[in-house]
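In our numbering, the protein residues as written are 422 to 522.
Structure follows, in structure tokens:
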């Protein structure tokens, strides 16, 4: 069996997450509040929402439930930040994801 058949990517990212790991592109931080106040860079909060870019093959007893293209919510300090070709990504375990939205 070729393990690459279960591997999906949304873009040209040359990263293949292993086992139950997921590669997420974080959403942009909010620039303004709902009332229109502009938030300075130093006060912006780390986003807790993003899009799944690549998924691993899962574990034998725990298949991956998220798929490429899903919009997900994850913990504030979840994952490890990585930069690939100038773009920021998070690589995290699927268990760090709270919900698909």
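Note that the Cβ used here is the ideal one computed from N, Cα and C, for glycine as well.
query = Where residue 502 and residue 467 are concerned, what is the direct C-alpha to C-alpha distance, given to the nearest angstrom?
reply = In this structure, the alpha-carbon of residue 502 lies about 12 angstroms from that of residue 467.
task = Tell me whether residue 492 sits in a helix, a strand or coil according to DSSP, three-state version.
result = strand
message = Which same chain residues end up closer than 6 angstroms to residue 520 when comparing Cβ atoms and leaving out the 5 residues on each side of it in sequence?
response = 494
request  = State yes or no: is the C-beta of residue 476 within less than 9 angstroms of the C-beta of residue 489?
outcome  = yes
ask   = Could you give the residue range of the beta strand (DSSP E) that holds residue 472?
value = 470 to 476
request  = Tell me whether residue 436 is buried or exposed, calling it buried when 16 or more other Cβ atoms sit within 10 Å of its Cβ.
outcome  = exposed
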